[in-house]
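Novice: This is the structure I have questions about; it appears just below.
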Amino acid sequence: MLTTGWRIGRIGGVEIRADPSLLLIAGLITFNLWVTFSGRFPHLSASASVALAALTAVLFFASILVHELAHAGMSKARQIPVLGITLWMFGGATHAKVEARGPGDEFLVTVVGPLSSAALGGLFLAVHAGGDALGGPAVFLLGYLGAINLLLAVFNLLPGFPLDGGRLLRSIVWKVTGSLRRATRIAARVGQGVALLIAAAGLYQALARGNLVLALWPGLISWFLFRAATDSLAEEGRRFRLQGARAGQLMSSPPPAVPPDMTVGTALGGLLKGHEGEAFPVVDDGSVLGFVSEASARGVAADRPVREAVFGSRAAVSAGPEETMDVVVERMGEPPSRTVLVFEGSALVGVIEPEDLGRYLKRLPRAPVR
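Per the numbering used here, the very first residue in the sequence shown carries number 1245; after that it's consecutive.
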């Protein structure tokens, strides 16, 4: 389940969230559109210009959501679980485990995004072409949304990971070579190249027009793409190196587990006594409820069960000792930050901290790409 950003709602069973960075870009787009509407249509009142600018910005982000819902819809049609959609500063992201299904499904899930943007852009432009009766501001709004959706489709088809075009490239290379690892590395390297080209093009335009501010937005996009491609390379390498490791190999001895129905008074007088600043897992029949500490317990009445003093329910995940670490690490977050409690049946037998994962990876040699 997604835990970052603000929950907007659910569409078709898919949770939609908005990252706080969305506010920044929404404000910039609305301001820019307000200036545009005010300049093009001086007869509009200030409040009307602001309202039209805000409406256009909302429809723009709705268009991005349609793009992401196309990815999510195809994922569900292919019976691939969808964890949710996040809208943020640079667009949107659909969280689904597509890689586990092979190159064919990755191609299908990916390609519908740009196709939906192109279709939406064409629809807006068609209404724009026959919308003279709607009046100047409405016609401009439709033309803007049509052009921006077509631009979104074209931009996303650039062959650089993690853009849709990069994912399409990866799925094709994966199909041809049979190696997800090689395909990911090729697509990510191309993604780094695309990012550098965007930065160079932005700088050229800025120098040609004598206004370095024009390089700011291409520079930000380039930085995001280059970083995302680089992170993809690192994640791919880490996942490959962890395929041969099992959770039982990395775990250390677990701390004592606290039963959730133990009273707070009993816990404070026993297990928690003398352990200020430490936290202990609260486990119920092999399920992690969270952690309890002396501080959290003192905020609850002594006769209440420990489960009422639990905190950090999302700070820990569970695994079995025979699970491979490339699977377990996906539950630890990105970057890995959650504690892994290892259970054998309902018994807590070990714990893996993010630091344990880092130390293990440092000991491993880098594997060649085949």
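Note that CB positions come from ideal geometry on N, CA and C, so glycine has one too.
1. May I have the straight-line CA-CA distance separating Ala1262 from Ala1541, to the nearest angstrom?
2. I'd like the span of the beta strand (DSSP E) that includes His1339, first residue to last.
3. Does DSSP classify Leu1402 as helix, strand or coil?
4. Cutting at 6 Å between CB atoms, please list the residues of its own chain near Met1506, excluding the five before and the five after it.
5. Would you call the region 1394-1405 and the region 1435-1443 in contact, with 3 or more CB pairs under 8 Å?
6. Name the residue from Lys1320, Leu1267 and Arg1411 whose alpha carbon lies nearest to the alpha carbon of Val1302.
7. Below 8 Å on the Cβ atoms is my guess for Ala1563 versus Pro1525; work out the distance and round it to an integer in Å.
8. In three-state terms, what does DSSP make of Ile1252?
9. Since Glu1522 sits in a beta bridge, which residues does DSSP pair it with?
10. So, is His1339 buried or exposed, given that buried needs 16 or more other C-beta atoms within 10 angstroms?
11. Assuming Arg1261 is part of the beta strand (DSSP E), what are its boundary residues?
12. Got a sec? Which residues, its chain only, sit under 7 Å from Ser1476 by beta carbon, not counting five neighbours each side?
13. Please name the residue in His1372, Gly1422, Gly1589 and Ala1363 whose C-alpha comes closest to that of Val1398.
14. Can Phe1555 and Phe1587 be called in contact, C-beta distance under 8 Å?
15. Look at the alpha carbon of Thr1510 and the alpha carbon of Gly1328, and state the distance between them as a whole number of angstroms.
16. Can you give the beta carbon distance from Gly1530 to Gly1589, rounded, assuming they're within the 8 Å contact cut?
17. Measure from the alpha carbon of Phe1305 to the alpha carbon of each residue in Ser1289, Ala1292 and Ile1260, then state which is nearest.
18. Pick from Val1355, Ala1270, Leu1464 and Ala1373: whose alpha carbon is nearest that of Glu1312?
19. Which residue from Leu1515, Leu1469 and Ile1465 puts its Cα closest to that of Gly1410?
20. Quick check on Thr1557: does DSSP put it in helix, strand or coil?
21. Determine the DSSP secondary structure at Gly1454, reduced to helix, strand or coil.
22. Going by DSSP, which residues form a beta bridge with Thr1428?
23. If you scan the region 1311-1368 from start to end, which runs of the alpha helix (DSSP H) of 4 or more residues do you find wholly inside it?
24. Taking Arg1426 as the reference, which of Gly1380, Pro1462 and Phe1484 has the closest Cα?
25. Would you kindly check if the distance between the Cβ of Gln1487 and the Cβ of Asp1600 is under 8 Å?
26. What number of angstroms, rounded off, separates the C-alpha of Met1245 from the C-alpha of Val1527?
27. Are there 16 or more other CB atoms within 10 angstroms of the CB of Gly1543, so buried, or fewer, so exposed?
28. Excluding the 5 residues preceding and the 5 following Glu1343 in the sequence, name in chain order all residues of the same chain whose CB lies nearer than 7 Å to its CB.
29. Provide the residue span of the beta strand (DSSP E) that contains Ser1537, from first to last.
30. Whose CA, out of Pro1498, Arg1482, Thr1274 and Ala1292, lies closest to the CA of Lys1606?
31. What would DSSP say about Ser1265, mapped onto helix, strand or coil?
32. For the beta strand (DSSP E) containing Arg1514, list its first residue and its last residue.
33. Check whether the Cβ atoms of Leu1369 and Ser1307 lie closer than 8 Å to each other.
34. Taking the C-alpha atoms as reference points, what is the distance between Leu1386 and Ala1298?
35. With a CB to CB cut of under 6 Å and the five nearest residues on each side skipped, what residues in its chain are close to Ala1489?
Specialist: This is what the structure holds:
1. 34 Å
2. Gly1335 to Ala1340
3. coil
4. Val1550
5. yes
6. Leu1267
7. About 13 Å separates the two Cβ atoms, so there is no contact after all.
8. strand
9. Beta-bridge pairing links Glu1522 to no other residue.
10. buried
11. Val1258 to Ala1262
12. Phe1405, Pro1406, Thr1428 and Ala1432
13. Ala1363
14. no
15. 41 Å
16. 7 Å
17. Ile1260
18. Val1355
19. Leu1469
20. This sequence places Ser at residue 1557; Thr is not what is there. Three-state DSSP puts Ser1557 in coil, outside helix and strand.
21. coil
22. None, per the DSSP bridge assignment.
23. none
24. Phe1484
25. no
26. Legend: pLDDT at Met1245 = 42, less than 50; position of this residue unreliable, value from coordinates given subsequently. If I take the Cα positions, the gap works out to 20 Å.
27. exposed
28. Glu1350 and Leu1424
29. Ser1531 to Ser1537
30. Arg1482
31. helix
32. Here the sequence assigns Gly to residue 1514, which means Arg is not the residue at that position. No beta strand (DSSP E) holds Gly1514; DSSP gives it neither H nor E.
33. no
34. 14 Å
35. Met1569
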